[in-house]
Amino acid sequence: MEIINEHTKESRLEHVKIQYDMLTRYCMKCKVQGHVEEECRVLHPELKLENTIENYAKDNDKKTGENNNNDN
Ligand SMILES: [Zn+2]
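Under my numbering, the first residue of the sequence shown is numbered 212, with each subsequent residue one higher.
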């Protein structure tokens, strides 16, 4: 586009770059719109597990055994 400065009467050309990337989410992996690669379930399989996270490795805080018989 051409911008004319009224003070200096000089015109200059400004390049207007339209970044569709900011507006449209497009996954290069799936080649579909709607999500970006950061959210891609294919690239990041762990994202789909967010609802089914089980605390598989729960810390068993119970220390069993070892009865210290300190009879004297
Ligand atoms: Zn994807």
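Cβ atoms here follow ideal geometry from the backbone N, Cα and C, with glycine treated the same way.
- Message: In this structure, how does DSSP classify Leu258 when only helix, strand and coil are distinguished?
- Response: helix
- Inspect the beta-carbon positions of Val253 and Lys242 and report whether they are closer than 8 Å. no
- Query: In the DSSP assignment, what residue or residues form a beta bridge with Val243?
  - Reply: Cys238
- Message: Let's see if you can read the secondary structure: which residues bound the beta strand (DSSP E) around Arg223?
- Response: 221-224
- Task: Below 8 Å CB to CB, which residues in the same chain sit around Ser222 once its five sequence neighbours on both sides are set aside?
- Result: Glu213, Ile214, Ile215, Asn216
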